[in-house]
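Okay, structure first, notes after.
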Amino acid sequence: MEVSVRICGCDNASNVDLPLSSFTVVEVCTASSSLPQRIAVAMAGKIARDLGAHVFAVYGPDGDPLGAVTVEPYERSPREAKALSTFLNSGKEAILLSRHEREDCERIADIVTHADALLISTGVAENIALKAPVTVDLAVLPPNISTAVPPSELGLFALSGMLDLVGTASREPLMLGGHQAAYSAGCAAFSAMMTGFAEREFQGRDAHLVVDMLNVLMWLNWKALAAAEITPSEIVSREGEDAPWRTVPCADGHVAVVYNDRDLPQIFDLLADDDGLPGGQAYLKSRATDSRHDLMEAIKRWCAPRTRRQITDAAQRRSIPFGPVLLPHELLCDPQLIFRQSFASVVTPGSDAQIPVLPLRWNGKPVHAPLNPTAVSVEAPR
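Here it is as structure tokens:
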């Protein structure tokens, strides 16, 4: 069964100098794929696309399901609700299927026949009998763990121990912002795909690799696992107010307070500028060696009446690694990010959007794919 693919507005010619410009990648998820799996598959495909690959994303007849996912509290309109899809899928080619299961399976199989790599969620290859030179299977859990309902990203963070690092022990767990679990798994899936390309190039054999999200997060949390093995009595827990590194409020937002013991003399000098500190610098030095809590309280008092700019400038003069917490719209105006060309414009219906690009250069140029949306229709054979 042949499939006629009509591609509108896609030209890979401008990407011929990128490292994956000769590769074709196909993403396939099913209705049973969880949201974290869909995002992870899309993230792996996004990186491949930014590096020049020709990426097909296969969707059901209703289109990209990520277009309906909102990221509270920032998204308030239908246009903003498509931000996740814009970030992950710009520059890819959408394959919209019909509601005829048998024909759709044959269409997907025909597309995959010409692909170098297949990015799928668990079970897709078995259900549709797909095969590509390199197949990367995105699973939520390792094969020895099964659940009736796949865990959410919050559940994965809890299972991996990552939530032990965030928040206060006496309160409910805090969910890290965004989709960090799925994005991390997507990066791991991209690495697996590149490993498969290398295996096929140098060993001459096809590769089927499995990436499960729980093990990815456990690897990210390797320090806690290693610490528990070395000193079981000092298991990492949520320290909350007693954590040495925290974000603290200031006059126009928040700043991140980060320091090491070698920074203490400079911090004492910084805080000595504030005449309101009880007992002056000598008192502060004597108390800080005994209580990190007292030092943090002094830092909070010092930061409260000052702006992020004032705090950052004063800290930088003393080489203290304090930093401002920026809101999303402020990132677009950050001088360093502008200088590094960290964002690219993508045209969306009704407006333009700015999305982050890969933090690397290839032949001296920022790396990202052409970002104007493309339209692809799959026609049934005559």
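As numbered in numbering that gives the first Met the number 0, residues 0 to 381 make up the sequence shown, in order. Heads up, the beta-carbon is just placed ideally off N, CA and C, and yes, glycines get one too.
Would you kindly work out how many angstroms separate the C-alpha atoms of Leu357 and Ile337, rounded to a whole number? 14 Å
Just to confirm the assignment, what range does the alpha helix (DSSP H) spanning Glu200 have? 179–202
Who pairs with Ile94 in a beta bridge, going by DSSP? Val57
Leaving out the 5 sequence neighbours to the left and right, which residues in its chain are closer than 6 Å to Glu26 when beta-carbon positions are compared? Val40, Gly44, Ala56, Leu118
Checking 9 Å against the spacing of the C-beta atoms, do Pro320 and Val366 come in under that value? no
If we call anything under 9 Å between Cβ atoms a contact, is Pro352 one with Thr85? A small fix is needed here, since residue 352 is Ala in this sequence, not Pro. It is a contact, given that the beta carbons lie within the stated cut-off.
In chain order, what residues of the same chain have a beta carbon less than 7 Å from the beta carbon of Ala180, not counting five sequence neighbours either side? Pro35, Glu152, Leu155, Phe156, Met212, Leu216
Own chain residues within Cβ distance below 7 Å of Arg316, not counting five before or after: none
When DSSP labels each residue in this structure, what does Ile319 get in the three-state scheme? coil
Within the same chain, show all residues whose beta-carbon is closer than 7 Å to that of Arg305, passing over the 5 residues directly before and after it, in chain order. Cys249, Ala250
Based on the DSSP output, what are the partners of His328 in its beta bridges? For His328, which the question treats as bridged, DSSP gives no partner whatsoever.
Hey, how far is the Cα of Pro132 from the Cα of Ser21? 14 Å
Inter-residue CB distance, Leu83 and Pro60 (contact presumed, cutoff 8 Å): Not really, about 20 Å apart at Cβ, beyond 8 Å.
Alpha-carbon to alpha-carbon, Val111 and Gly90: 19 Å
Nearer than 8 Å: is that true of the beta carbon of Asp268 relative to any heavy atom of the ligand SAH? Of ligands this structure carries none, so the ligand SAH is not represented either.
Give the straight-line distance between the Cα atoms of Gly275 and Leu19, rounded to the nearest whole angstrom. Any reading at Gly275 is ruled out, since the residue's pLDDT is 49, under 50, leaving its predicted position unreliable.
Using the beta-carbon count (16 or more within 10 Å), is Phe384 buried or exposed? There is simply no residue 384 to check, as the chain begins at 0 and stops at 381 in what is shown.
Spatial distance of Gly62 from Asn143 (CA atoms): 33 Å
Using the C-alpha atoms, what's the distance from Gly66 back to Lys81? 4 Å
Report all residues from its chain with a CB closer than 8 Å to the CB of Cys186; omit the five preceding and five following residues, and keep chain order. Met42, Ala43, Ile46
Pair within 9 Å by beta-carbon distance, Ala108 and Gly195: no
DSSP has Cys104 in a bridge; who is on the other side? DSSP output for Cys104 lists no bridge partner at all.
Can you tell me where the alpha helix (DSSP H) holding Thr85 begins and where it ends? 82–88
Leaving out the 5 sequence neighbours to the left and right, which residues in its chain are closer than 7 Å to Asp16 when beta-carbon positions are compared? Asn362
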